Amino acid sequence: AQTILDEYKYVAQGEFRSLLISGLSGIGKTRLIQELQKPIVEYRGYYTSGKFDLYQKNVPYSSLIQALRNLIRTFLTESDERIELWRSRITDAVGHNGKVVTDIIPELEILIGPQPEVKELPPVESLNRFHDVFDRFLASLASKENPLVIFIDDLQWCDIATFDFVRNLFSNYKSHPYLMLLGAYRHNEVDSSHPLHKLIRHLKESGRPLKEIRLG
Numbered sequence: 016a017q018t019i020l021d022e023y024k025y026v027a028q029g030e031f032r033s034l035l036i037s038g039l040s041g042i043g044k045t046r047l048i049q050e051l052q053k054p055i056v057e058y059r060g061y062y063t064s065g066k067f068d069l070y071q072k073n074v075p076y077s078s079l080i081q082a083l084r085n086l087i088r089t090f091l092t093e094s095d096e097r098i099e100l101w102r103s104r105i106t107d108a109v110g111h112n113g114k115v116v117t118d119i120i121p122e123l124e125i126l127i128g129p130q131p132e133v134k135e136l137p138p139v140e141s142l143n144r145f146h147d148v149f150d151r152f153l154a155s156l157a158s159k160e161n162p163l164v165i166f167i168d169d170l171q172w173c174d175i176a177t178f179d180f181v182r183n184l185f186s187n188y189k190s191h192p193y194l195m196l197l198g199a200y201r202h203n204e205v206d207s208s209h210p211l212h213k214l215i216r217h218l219k220e221s222g223r224p225l226k227e228i229r230l231g
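As structure tokens, this is what we get:
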């Protein structure tokens with residue numbers, strides 16, 4: 016638990032951090048994450064989580080979307096002044112491409128209003144635009160005043176689109192100073208041919224800020 020708390024302090028000071036927790040099912044990964052709640056409150060931070068589902072492996076970004084929908088719902092319960100702050104921050108970040116995000120996070124439209132149609136693009140360019148807009152949207156949610164922790168559980172069932180997004184996020188991690196990305200997975204379900212194993216190896220080889228905790 017101390018490792019997680021130490022890493023969170025870096026995030027609160029403006030350094031992106033990520034941590035992967037592995038263990039067998041029911042080993043207490045979730046309980047460990049709950050230890051984080053106190054310092055998050057102390058730093059006026061936000062915490063949100065999503066979970067991959069074995070039966071949704073083909074739904075792109077399912078867990079990430081779940082986590083962000085939960086977060087936007089939290090924003091919507093805040094004071095008018097706070098809602099206005101989020102509205103302007105997110106609108107500035109997404110520009111004319113807000114519909115890229117509101118299409119997958121319907122709650123966001125309640126917050127920032129209906130968005131104009133976006134230009135039709137060929138598949139590769141459309142995906143690049145999605146990554147770019149989503150990246151900027153994510154960056155607008157984490158700040159010095161409100162650091163953000165996103166916890167994704169059951170990464171062993173993660174879809175390929177999310178792996179691509181995470182790889183993208185890591186290559187651009189300096190744009191996310193107040194963000195902490197936590198992940199948990201069952202190591203007995205991840206062998207050397209698993210995309211998660213390959214992603215971890217890639218991130219380590221390229222010297223990205225990633226720590227691992229294996230629960231015995």
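The number in the numbering used here is simply the position in the sequence shown, starting from 1, with 15 added.
Using N, Cα and C, we set each Cβ at its ideal position, and we do this for glycine too.
Since this is a predicted model, take the numbers as computed values, not measurements.
request  = Can you check the segment 124 to 170 for any beta strand (DSSP E) of at least 3 residues that lies completely inside it and give the ranges in chain order?
outcome  = 163 to 168
query = Closest by CA to GLY60, which one among LYS24, GLY43, LEU39 and GLN71?
reply = Residue mapping note: residue 60 aligns to position 45 of the sequence shown, counting from 1. Of the candidates LYS24, GLY43, LEU39 and GLN71, the one whose C-alpha sits nearest the C-alpha of GLY60 is LYS24.
request  = Starting from the N-terminal side, write out each stretch of the alpha helix (DSSP H) that is 4 residues or longer and does not extend beyond the segment 43 to 69.
outcome  = 44 to 49 and 52 to 57
query = Out of curiosity, what's the CA-to-CA distance linking GLN140 and LYS134?
reply = Counting from one through the sequence shown, the residue named residue 140 turns up at place 125. Counting from one through the sequence shown, the residue named residue 134 turns up at place 119. What sits at residue 140 in the sequence shown is Glu, not Gln. Taking the straight line joining both Cα atoms gives about 11 Å.
message = Quick check: what's the CA-CA separation for GLN130 versus LEU35?
response = Numbered from its first residue, the sequence shown carries residue 130 at position 115. Numbered from its first residue, the sequence shown carries residue 35 at position 20. Straight-line Cα distance between these residues: approximately 35 Å.
inquiry  = For chain B, check one thing: does any of its Cβ atoms lie closer than 7 Å to the Cβ of ASN187?
reply    = Absent from the structure is chain B; it holds one protein chain and no more.
ask   = What's the C-alpha gap between LEU218 and ASP168?
value = Along the sequence shown, one-based indexing puts residue 218 at 203. Along the sequence shown, one-based indexing puts residue 168 at 153. Cα to Cα, the separation comes out at about 19 Å.
query = What do you get for ILE87, buried or exposed, if any count of 16 or more other CB atoms within 10 angstroms of its CB means buried?
reply = Residue numbering aside, residue 87 sits at position 72 when the sequence shown is read from its first letter. Here ILE87 is buried. Its C-beta has 16 or more other C-beta atoms within 10 Å.
key: Coarse secondary structure for ARG97, derived from DSSP in three states   = In the sequence shown, the residue the question calls residue 97 occupies position 82. ARG97 falls in the helix class under three-state DSSP.
ask   = Does the segment 71 to 83 touch the segment 42 to 61, meaning 3 or more C-beta pairs lie closer than 8 Å?
value = Using a C-beta cut-off of 8 Å, the segment 42 to 61 makes no contact with the segment 71 to 83, since fewer than three inter-stretch Cβ pairs fall below that distance.
task = Using a threshold of 7 Å, state whether the C-beta atoms of VAL148 and VAL109 are closer than that.
result = Start at 1 with the first residue of the sequence shown, and residue 148 comes out as number 133. Start at 1 with the first residue of the sequence shown, and residue 109 comes out as number 94. Yes, they are a contact pair.
query = Going by other Cβ atoms of all chains shown within 10 Å of its Cβ, with 16 needed for buried, is LEU79 buried or exposed?
reply = Here residue 79 refers to the residue found at position 64 when the sequence shown is read from its first residue. Around the beta carbon of LEU79, a 10 Å sphere encloses 16 or more other beta carbons of the protein chains shown; the residue is thus reported as buried.
inquiry  = Taking the alpha carbon of TYR188 as the reference point, which residue from LEU20, ASP21, PHE31 and ILE19 has its own alpha carbon closest?
reply    = What you label residue 188 is simply residue 173 of the sequence shown in a count that begins at 1. Ranking the options by Cα distance to TYR188, first place goes to PHE31.
ask   = With which residues is SER37 paired in a DSSP beta bridge?
value = If you number the sequence shown from 1, residue 37 lands on position 22. Note: SER37 sits in a beta bridge opposite TYR200 and ARG229.
task = Can you say whether GLN123 is buried or exposed, counting buried as having 16 or more other CB atoms within 10 angstroms of its CB?
result = The residue given as residue 123 occupies position 108 in the sequence shown. The sequence given here places Leu at residue 123; Gln does not occur at that position. Buried, because 16 or more other Cβ atoms sit within 10 Å of the Cβ of LEU123.
request  = Could you have a look at ARG216 and say whether DSSP puts it in helix, strand or coil?
outcome  = Here residue 216 is taken as the residue at index 201 of the sequence shown, counted from 1. Of the three classes helix, strand and coil, the one that applies to ARG216 here is helix, per DSSP.
task = List the whole-angstrom C-beta distance separating GLN171 from LEU211, where the pair is believed to meet the contact cut-off of C-beta under 8 Å.
result = Here residue 171 corresponds to residue number 156 of the sequence shown, with the count starting at 1. Here residue 211 corresponds to residue number 196 of the sequence shown, with the count starting at 1. Confirmed, Cβ separation roughly 7 Å.
query = What residue from LYS44, LEU156 and GLU22 has the CA that sits closest to ILE98's CA?
reply = Against the sequence shown, residue 98 aligns to sequence position 83. With distances taken between Cα atoms, ILE98 lies closest to LEU156.
Bridge partner(s) assigned by DSSP for ARG32 = Taking the sequence shown and counting its residues from 1, the one referred to as residue 32 is at position 17. MET195, per the DSSP bridge assignment.
inquiry  = Along the chain, where does the alpha helix (DSSP H) containing ILE120 start, and where does it finish?
reply    = Start at 1 with the first residue of the sequence shown, and residue 120 comes out as number 105. Premise fails: ILE120 is in no alpha helix (DSSP H) and is neither H nor E.
task = Could you tell me if ALA16 is buried or exposed, where buried requires 16 or more neighbouring beta carbons within 10 angstroms of its beta carbon?
result = Taking the sequence shown and counting its residues from 1, one reaches residue 16 at position 1. Looking at its Cβ environment, which holds fewer than 16 other Cβ atoms inside 10 Å, ALA16 is exposed.
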